[in-house]
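Take the sequence shown: its position 83, counted from the start at 1, is 82 in numbering that gives the first Met the number 0, and no numbers get skipped.
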Amino acid sequence: MPQTLADRYRAYLDCLNRQAWNELDRHVATIVRYNGRPLGLSRYRSMLVRDFEDIPDLHFEPAIILAEPPLVAARLTFNCTPRATFLGLPVNGRRVVFVENVFYQYQDTRISSVWSVIDKAAIEAQI
Numbered sequence: 000m001p002q003t004l005a006d007r008y009r010a011y012l013d014c015l016n017r018q019a020w021n022e023l024d025r026h027v028a029t030i031v032r033y034n035g036r037p038l039g040l041s042r043y044r045s046m047l048v049r050d051f052e053d054i055p056d057l058h059f060e061p062a063i064i065l066a067e068p069p070l071v072a073a074r075l076t077f078n079c080t081p082r083a084t085f086l087g088l089p090v091n092g093r094r095v096v097f098v099e100n101v102f103y104q105y106q107d108t109r110i111s112s113v114w115s116v117i118d119k120a121a122i123e124a125q126i
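Below is the structure:
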C-alpha cells in the first residue's frame with residue numbers, strides 16, 4: 000500500500016483510469032459521501048462506471064494534488080469526448096477540455112467524502 004496520502008490518492012486515480020472496479024474498495028470506504036449525499040460503495044462504483052460508459056476516453060489527469068491528512072485537494076484535467084449529453088449540455092461526441100476541482104476526506108486509508116465542482120462554463124464555451 001502506498002505510504003503517503005498523496006501516493007494513496009494517485010493509486011486511486013490509477014484504479015479509476017484502469018477501470019479496476021474490483022479494487023475500488025481498497026480506496027473508497029463502504030459508506031462514502033458525494034457532495035453531501037451518503038452513497039454506498041456500490042452506488043459510488045455505479046456512478047463511476049456510468050461515467051466511463053458515457054465518456055469512453057475518460058482519463059483522470061491530476062494537474063494539482065495537495066495532501067494534508069486527512070484531506071486531499073486536487074485539480075483534475077479532462078480532455079475527452081462525451082457521447083451525448085454531459086452535465087445537461089449537448090456535447091454529442093465533440094472533444095472538450097475542462098477541469099474538476101475536488102476535495103477528498105480520508106478516514107483511515109480510504110476516501111469517506113468527496114466534494115466535486117466541474118467547470119461547466121469551460122464546456123459551454125467549447126460547444
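Beta carbons: idealized from backbone N, C-alpha and C, even for Gly.
No experiment lies behind these values; they were computed from the predicted model shown.
1. Using the beta-carbon count (16 or more within 10 Å), is R7 buried or exposed?
2. Could you tell me which residues DSSP puts in a beta bridge with F102?
3. Return helix, strand or coil for F77, following the three-state DSSP convention.
4. Within the same chain, show all residues whose beta-carbon is closer than 6 Å to that of A62, passing over the 5 residues directly before and after it, in chain order.
5. Thinking R44 and W20 are a contact (beta carbons under 8 Å), I'd like their distance in whole angstroms, please.
Looking at the coordinates:
1. For the purposes of this step, residue 7 is identified with residue 8 of the sequence shown, where counting begins at 1. Buried, because 16 or more other Cβ atoms sit within 10 Å of the Cβ of R7.
2. Position 103 of the sequence shown, counted from the first residue, corresponds to residue 102. DSSP output for F102 lists A72 and W114 as bridge partner(s).
3. Position 78 of the sequence shown, counted from the first residue, corresponds to residue 77. Three-state result, F77: strand.
4. Numbered from its first residue, the sequence shown carries residue 62 at position 63. Short of 6 Å from the beta carbon of A62, and not among the five residues preceding or following it, lie these beta carbons of its own chain, in chain order: R74 and T76.
5. Taking the sequence shown and counting its residues from 1, the one referred to as residue 44 is at position 45. Taking the sequence shown and counting its residues from 1, the one referred to as residue 20 is at position 21. Yes, they are in contact, since the Cβ atoms of R44 and W20 sit about 6 Å apart, within 8 Å.
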